[in-house]
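Numbers given in the working numbering equal positions in the sequence shown, counted from 1, plus 602. A virtual CB, placed ideally from N, CA and C, is assigned to each residue, including glycine. What follows is a short report on a single structure.
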Amino acid sequence: MDERKSYSAYLREKFPPKEGFVKKMEVLLGEAGAKEFFDISYTKCPSSIRCNTLKMDAKELLKRLQNYGWVVRQPFKDFPEVMIVDSGPLPGDLGKTREHLLGYYYVQEISSMLPMMALRPEEGDHVLDLCASPGSKTTQAAAMMGNGGFILANELNMGRIGILNSNLERCGVMNTIVCRMEGVALCDRLFKKSQFRFDKILVDAPCSGEGTLRKSPKTFEMWNPHMIRKIAKTQRALAGAAFNLLKVGGVMIYSTCTLSPEENEMTVNSLLRKFDCEVEKLSLPLKFRSGVCEWEGEKFSDEVSKCLRLYPQDNDTDGFFVARIRKLGEEGKNV
């Protein structure tokens, strides 16, 4: 038995999936698809990094990493800053190089890069990153904006604020203000006490983490329907409060690293019911599946089908969910 299979067998024995989780994935994917999902969930993700173009050109970084003897490839023509490290570094070495310490690259799973690829912040934009720590997406936005414009990066947890600040400093981010507030409270305060509105908003919401099993197998133990229902209420509150702060014509990305419709499509559907908005089609360089339009007897707007579901077995990544929602008018809908 090779090392990969041995590792997978060990994890499968130590962290077996709960029956309710298996049934849920079978409803979403069918029996064969669910088996593929769980099989890959017990394997490690490929190592990936994002070149920090605020400090380093992607071509130069590629040369430097290849000089270490690493086998590195750039899988996306339109996003040369995205790199997969196929072989070379030992586990943990990606974060120990001089280039990493100097902020030339960020160790980041490819699925985690998708929200900012979908948001497409530009120089001059005013951007809100509502749940910002550890800073992977904030630093990605700053690089895409060339350190122009303005980012408000919010994080509630004091310990995670330190990590966020450290990554912003390491990556040379200069266009970002960090604040510490509960997300709904922050949005409500800004909405009531200020006329300021954002061009673009990211709500990368705290979630049950069903898509992160490959790096966090303990999630198998933590999974339970009650937790998902509780988290979903928080997610809907965050998304709705943030959408109030969006300019008419502005765009919000709602994303999670989970696959539960309760946390994903239901949240997007709640925005469609409450606000004058639409879900926009996305073109991203991976294989995706459409959002589900019905779950447990509840039917959603057809707009929800434009959301994107990323399953780990389709691209050898983590699982993820992304929706791009544009605000069409200031007045909300009567629900």
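> Using DSSP with H/G/I as helix, E/B as strand and the rest coil, what is T699?
Replying inline: Residue 699 sits at position 97 when you count from the first residue of the sequence shown. Reduced to three states, the DSSP call for T699 is coil.
>> Let me make sure I understand the geometry here. Which of F877, D918 and L754 has the alpha-carbon closest to that of K646?
In response: Looking up residue 646 in the sequence shown gives position 44. Closest by alpha carbon: D918.
>> I'd like the span of the alpha helix (DSSP H) that includes D806, first residue to last.
In response: Mapped onto the sequence shown, residue 806 falls at position 204. That residue, D806, is in no alpha helix (DSSP H); its beta strand (DSSP E) goes F800 to D806.
> Using DSSP with H/G/I as helix, E/B as strand and the rest coil, what is K832?
Replying inline: The residue you call residue 832 lines up with position 230 of the sequence shown. Helix.
>> Less than 6 Å between C-beta atoms, sequence neighbours within five positions excluded: which residues of the same chain meet that for M747?
In response: On the sequence shown, residue 747 is found 145 positions in, with the first residue counted as 1. Excluding sequence neighbours, M747 sits near P723 and E725.
>> Tell me which residues share the same chain as M658 and place their Cβ nearer than 6 Å to its Cβ, disregarding the 5 neighbours each side in the sequence.
In response: On the sequence shown, position 56 is the one that residue 658 refers to. Excluding sequence neighbours, M658 sits near Y706.
> So what does K929 bridge to, in DSSP terms?
Replying inline: Locating residue 929 in the sequence shown gives position 327, counting from the first residue. According to DSSP, which records beta bridges pairwise, K929 is partnered with C879.
> Is it buried or exposed for L861, if we count other Cβ within 10 angstroms and need 16 for buried?
Replying inline: Your numbering for residue 861 matches position 259 in the sequence shown. L861 should be labelled buried.
> Which residue or residues does DSSP assign as beta-bridge partners of W897?
Replying inline: Taking the first residue of the sequence shown as 1, we reach residue 897 at position 295. Answer is E900.
> With distances taken between CB atoms, is the gap from P914 to G813 smaller than 8 Å?
Replying inline: The residue you call residue 914 lines up with position 312 of the sequence shown. The residue you call residue 813 lines up with position 211 of the sequence shown. Yes, the Cβ-Cβ distance between P914 and G813 is below 8 Å.
>> Using only CA atoms, which one of K908, L730, V805 and K739 lies nearest to G751?
In response: Reading the sequence shown from its first residue, position 149 is the one you call residue 751. Residue L730 is the option with its Cα nearest to G751.
> By Cβ distance, which residues of its chain are closer than 8 Å to Y670, with the 5 residues on each side in sequence left out?
Replying inline: Within the sequence shown, residue 670 is the residue found at index 68, counting from 1. G690, P691 and T699, listed in sequence order.
>> Buried or exposed, going by whether 16 or more other CB atoms sit within 10 Å of the CB of G622?
In response: To locate residue 622, count along the sequence shown from 1; it is residue 20. Counting Cβ neighbours within 10 Å, G622 comes out exposed, since fewer than 16 surround it.
> So E823 packs on F617, CB below 8 Å; how close in whole Å?
Replying inline: Looking up residue 823 in the sequence shown gives position 221. Looking up residue 617 in the sequence shown gives position 15. Contact flag correct, Cβ pair sits at about 6 Å.
> Which residues in the same chain have their Cβ closer than 7 Å to the Cβ of L613, if we skip the five residues on either side of it in sequence?
Replying inline: Taking the sequence shown and counting its residues from 1, the one referred to as residue 613 is at position 11. Correct list, in chain order: Y644 and P819.
> Under 8 Å between the Cβ atoms of I855 and L754?
Replying inline: Position 253 of the sequence shown holds residue 855. Position 152 of the sequence shown holds residue 754. Contact flag unset, no.
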